[in-house]
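Structure, as structure tokens:
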Amino acid sequence: MGKVTDYNTWWFLNHGVVHVEIDGVVRYVLEDMLDFSGTTTDLDIKDLQSDSVEQIVERILNIEGAWSIVYYSRKLDKLFIGRDVFGRQSMVFNFHLKAFGCRSQRKCAGEWVEIPFGQVTVFDPMMDQSPTVYSYFESYPEGIMEKYFPKHPPKHVFVHNKDPLLNVSRAIGGRVEVSNAKLLFEKVTDATKVLLRNYNKSHVVVCLSGGVDSTFIAHAVHASVDSDMTIDLVNVAFGSGKKECEKAPDRSRARKALESLRVAYPNRKFRLILVNVDKKTLEQHRTESIALAAEPAVTVLDDSLSCVLWFALRAEGVDSDNMNPVTSPATTCLLGSGADELLAGYARHRTRFEKEKIPRNIAEECENELRRLGSRNGGRDARVASQLNKTIMSPLLEDTVVSWLNSLPVDAKWNLALKRGVGEKQLLREAVKMLGSPYDAPKQAMQFGSRMAKMSNGSKTIKGSDKSPHLAIEDNL
Numbered sequence: 001m002g003k004v005t006d007y008n009t010w011w012f013l014n015h016g017v018v019h020v021e022i023d024g025v026v027r028y029v030l031e032d033m034l035d036f037s038g039t040t041t042d043l044d045i046k047d048l049q050s051d052s053v054e055q056i057v058e059r060i061l062n063i064e065g066a067w068s069i070v071y072y073s074r075k076l077d078k079l080f081i082g083r084d085v086f087g088r089q090s091m092v093f094n095f096h097l098k099a100f101g102c103r104s105q106r107k108c109a110g111e112w113v114e115i116p117f118g119q120v121t122v123f124d125p126m127m128d129q130s131p132t133v134y135s136y137f138e139s140y141p142e143g144i145m146e147k148y149f150p151k152h153p154p155k156h157v158f159v160h161n162k163d164p165l166l167n168v169s170r171a172i173g174g175r176v177e178v179s180n181a182k183l184l185f186e187k188v189t190d191a192t193k194v195l196l197r198n199y200n201k202s203h204v205v206v207c208l209s210g211g212v213d214s215t216f217i218a219h220a221v222h223a224s225v226d227s228d229m230t231i232d233l234v235n236v237a238f239g240s241g242k243k244e245c246e247k248a249p250d251r252s253r254a255r256k257a258l259e260s261l262r263v264a265y266p267n268r269k270f271r272l273i274l275v276n277v278d279k280k281t282l283e284q285h286r287t288e289s290i291a292l293a294a295e296p297a298v299t300v301l302d303d304s305l306s307c308v309l310w311f312a313l314r315a316e317g318v319d320s321d322n323m324n325p326v327t328s329p330a331t332t333c334l335l336g337s338g339a340d341e342l343l344a345g346y347a348r349h350r351t352r353f354e355k356e357k358i359p360r361n362i363a364e365e366c367e368n369e370l371r372r373l374g375s376r377n378g379g380r381d382a383r384v385a386s387q388l389n390k391t392i393m394s395p396l397l398e399d400t401v402v403s404w405l406n407s408l409p410v411d412a413k414w415n416l417a418l419k420r421g422v423g424e425k426q427l428l429r430e431a432v433k434m435l436g437s438p439y440d441a442p443k444q445a446m447q448f449g450s451r452m453a454k455m456s457n458g459s460k461t462i463k464g465s466d467k468s469p470h471l472a473i474e475d476n477l
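Take a look at the structure:
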């Protein structure tokens, strides 16, 4: 595990002078300074100090894995800030205050915006000229660039460093094969080993819904860590009591996944932690912690997913074997994020296929998903995790896995002519079947599988893109 995100560092610009606040202590920055958070790749300030602007940018944009960066070059009098191609780390900016950092909650009042994913921005500390954005993307979803350096709109330079992660093959003529399922498991296991290379705790967490994505990750984690490490599988359900929580669809799926894992690996200690959340507990922690971390994310979907993730990462519940209270001591949690984008797992993929009946068109849809991924939940989830001093990792989104999957023929990964629960993510399902776990459950979003949406929204018909009343924060700091 590389250097994790430092949420106690703030950068301020005052009349062209760079200040930094670390753990409440403010000082001038009179020399080169690097604040780099990377899960896969390490970066030393010495690697950057003798380089030109172009060389620094090229070095940063070639970094693999999840990362965010702030680098001040005293020699060049330039700041470099950026996030990885899928936006898995947090970085926010308040342009009125000329303040920026990763942050787990707002340092002060005002409008904070998430800096764009998949780019490095180079700018002068005076902020009186247009910065230059070096980006993997030719364009961004609406609303992202409009608030970024609003007084001096950035110049845009398009780069090709991550094309293998963003371009999905349209080739056909393959088929889903066991050999590729084995290779997928090997690649994800290798990526997980890299992510956990420096992790030395006695427990590690997998957020387990019981669906194929998280079950597959549980298998990969087992293959990646020492035999004496406990794997805590955390399952979250929302309801008025234990009996109601047990009715959540994710709960029964998680129990079945646990059973299959114990059969497959009898010498490994797996512990299923059941987290039951009632309405009072939800409202208390959403107000005190979750809403502050989620900001500037504000939608109903942001609210639902942030709450499920926060309680999963807190990992405070009961042991499914004896129902005794338990809390996982793990500081790192593994997720199955990325499977739907890479392997046509969303309902809209099936809808388009049923309308057009052209398999290669679904590759276009998946490509669009990958290019939008950074605008969704990565930064928000990183901030939510930081509230609890936790780190989240997504092995399926590592460069080696994504580039390989993107290179495969369309019909070597999915077959949407088959029924729901079989054809989408077919390659992943084949791998889970090979590993001996349940593999044919249709996708169910975690806000529904955990019944978070039902508790929060009741019988109201609310769109996920609507602004959530629960994430509204008063500017009274």
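Residue 1 is where the sequence shown starts when you use UniProt numbering, and the numbers rise one by one after that. All residues carry an ideal CB built from backbone N, CA and C; glycine is no exception.
- Pairing Ser403 with Phe216 gives a Cβ-Cβ distance that is not under 9 angstroms.
- The stretch 222 to 239 and the stretch 256 to 276 touch, with no fewer than 3 CB-CB distances between them shorter than 8 angstroms.
- Under the 10 Å beta carbon count, Met452 is surrounded by 16 or more other beta carbons and is classified as buried.
- Rounded to whole angstroms, the Cβ separation of Leu334 and Val221 is 6 angstroms, and the two are in contact under 8 angstroms.
- Contact between Asn235 and Leu208 holds: CB atoms are separated by about 5 angstroms, below the 8 angstroms threshold.
- Rounded to whole angstroms, Leu79 and Gly338 show a C-alpha spacing of 31 angstroms.
- Leaving aside the five residues that flank Asn324 on each side, the residues in its chain whose CB is nearer than 7 angstroms to its CB run, in chain order, Val318.
- Less than 9 angstroms divides the Cβ of Pro116 from the Cβ of Ser135.
- Annotation: the continuous beta strand (DSSP E) that includes Asp232 extends over Thr230 to Phe238.
- Considering only Val85, Tyr71, Leu166 and Lys46, the residue with the shortest C-alpha distance to Ile63 is Val85.
- C-alpha of Lys256 to C-alpha of Asp213: approximately 14 angstroms in a straight line.
- Asp42 sits away from Arg59, with the two beta carbons spaced by 9 angstroms or more.
- Counting only runs of 3 or more residues that sit fully inside the stretch 3 to 88, the beta strand (DSSP E) segments are 9 to 14, 17 to 22, 25 to 28, 33 to 38, 67 to 73 and 78 to 83, in chain order.
- Put simply, of Ala294, Val178, Ser240 and Cys102 the residue whose alpha carbon is nearest the alpha carbon of Ile22 is Cys102.
- A check of alpha carbon separations from Pro141 across Ser375, Leu397 and Pro409 identifies Ser375 as the nearest.
- Rounded to the nearest whole angstrom, the C-alpha separation of Gln119 and Arg314 is 31 angstroms.
- Per the C-alpha coordinates, the member of Pro249, Val298, Lys357 and Asn322 positioned closest to Ile273 is Asn322.
- For Asp250, the three-state secondary structure derived from DSSP is helix.
- Between the stretch 145 to 154 and the stretch 389 to 396 there are fewer than three C-beta pairs closer than 8 angstroms, too few to call the two in contact.
- According to the DSSP assignment, Leu274 belongs to no alpha helix (DSSP H) but to the beta strand (DSSP E) extending over Phe270 to Val277.
- For Met393, the enclosing beta strand (DSSP E) covers residues Thr391 to Met393.
- The shortest CA-to-CA distance from Arg420 to any of Cys366, Arg371, Glu354 and Asp411 is the one to Glu354.
- In its chain, beyond the 5 residues on either side, Val168 have a beta carbon closer than 6 angstroms to the beta carbon of Glu367.
- In the three-state scheme derived from DSSP, where H, G and I count as helix and E and B as strand, Val225 is classed as coil.
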